[in-house]
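The structure appears below as structure tokens.
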Amino acid sequence: MQIIGLAARSNDRSEYITSQKEMSGVSSFKEKGPNKGDSWDFDFQADYTHPIDATGKNVIETGMKLKRSNSSSLYTVFNNEHAPGSEELVEILSRSDKMDYYSTILAGYMSLKIETDDQWTIRPGIRFETTVLGLISGVPHFHLNLNSATGCLLC
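Here it is, written out as structure tokens:
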């Protein structure tokens, strides 16, 4: 049995400032854009192998994995385009927004390993995975579900 896990969180605070001046040195345009971001990641995986005969050569393997991510960003733009040269900065709503992104991936598998007396190894198996992605912002919102199941046979 193998179990692996991860949890991580981060905060981001970033900002840019732009200042333009006329050739004479007089300030003509100012803009700043603060951005506050947060993210959270979580991973969990468990795998198990069990012998199905006394030799231990033939086994069944099974496992699952869960991965979840969330990220958000609040960004705003302020400038003085309404009054060039002014120190008063006004929020520009068309360039400001809040964005939330999320993804969830869940997968599971099962396989057999069968060794024959004439040195052949057969590995039939199946895997299922589902993925959910989403983005929530001012406009538009986005949500997507993806599912897949695969089988294989290796000799």
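Per numbering that gives the first Met the number 0, the very first residue in the sequence shown carries number 0; after that it's consecutive. Every residue gets a Cβ at the ideal spot worked out from N, C-alpha and C, and that includes glycine. Since the structure is predicted, the reported quantities are computational estimates derived from the model, not experimental observations.
request  = Using the DSSP secondary-structure output, state which residues sit across from Trp39 in a beta bridge.
outcome  = Arg8 and Asn69
inquiry  = My output table needs one value for Ser18: the three-state DSSP class, helix, strand or coil.
reply    = strand
inquiry  = Does Leu92 come out as helix, strand or coil in the three-state DSSP assignment?
reply    = helix
task = Hey, could you find the ends of the beta strand (DSSP E) Gly123 is sitting in?
result = For the record, residue 123 in the displayed sequence is Pro; it is not Gly. Where Pro123 is concerned, the enclosing beta strand (DSSP E) stretches over Thr120 to Ile135.
Distance between beta carbons of Gly133 and Tyr108, contact taken as under 8 Å = Contact between Tyr108 and Gly133 does not hold, since their C-beta atoms are separated by about 25 Å, which reaches or exceeds 8 Å.
request  = Look at Ser9 and Ser38 and say whether their C-beta atoms are less than 9 Å apart.
outcome  = yes
ask   = Which same chain residues, not among the five before or five after His140, have their C-beta less than 8 Å away from its C-beta?
value = Gly133 and Leu134
message = Please report whether the beta-carbon of Leu111 lies at a distance below 9 Å from any beta-carbon of chain B.
response = Among the chains in the structure shown there is no chain B, since it carries only a single protein chain.
ask   = So, helix, strand or coil for Gly55, using DSSP?
value = coil
ask   = What is the rounded straight-line gap between the Cα of Glu128 and the Cα of Ile3?
value = Rounded to whole angstroms, the gap between the alpha carbons of Glu128 and Ile3 is 18 Å.
request  = Pick out whichever of Ala106, Gly32, His49 and Leu5 has its Cα sitting closest to the Cα of Lys112.
outcome  = Minimum Cα distance to Lys112 is reached at His49.
request  = Take Pro83 as the anchor and find which of Ala148, Glu21, Gly55 and Gly150 has the nearest alpha-carbon.
outcome  = When each option's Cα is compared against that of Pro83, the closest is Glu21.
inquiry  = For a test of the three-state rule: what should DSSP assign to Ala82, helix, strand or coil?
reply    = Coil, per DSSP.
query = Exposed or buried, which one is Val76 when buried takes at least 16 other CB atoms within 10 Å?
reply = That one is buried.
inquiry  = Give me, in chain order, the residues of the same chain whose beta-carbon lies closer than 7 Å to that of Ala7; leave out the 5 immediate sequence neighbours on both sides.
reply    = Asp40
ask   = What three-state label does DSSP hand Met63 in the structure shown?
value = DSSP places Met63 in strand when its eight states are reduced to three.
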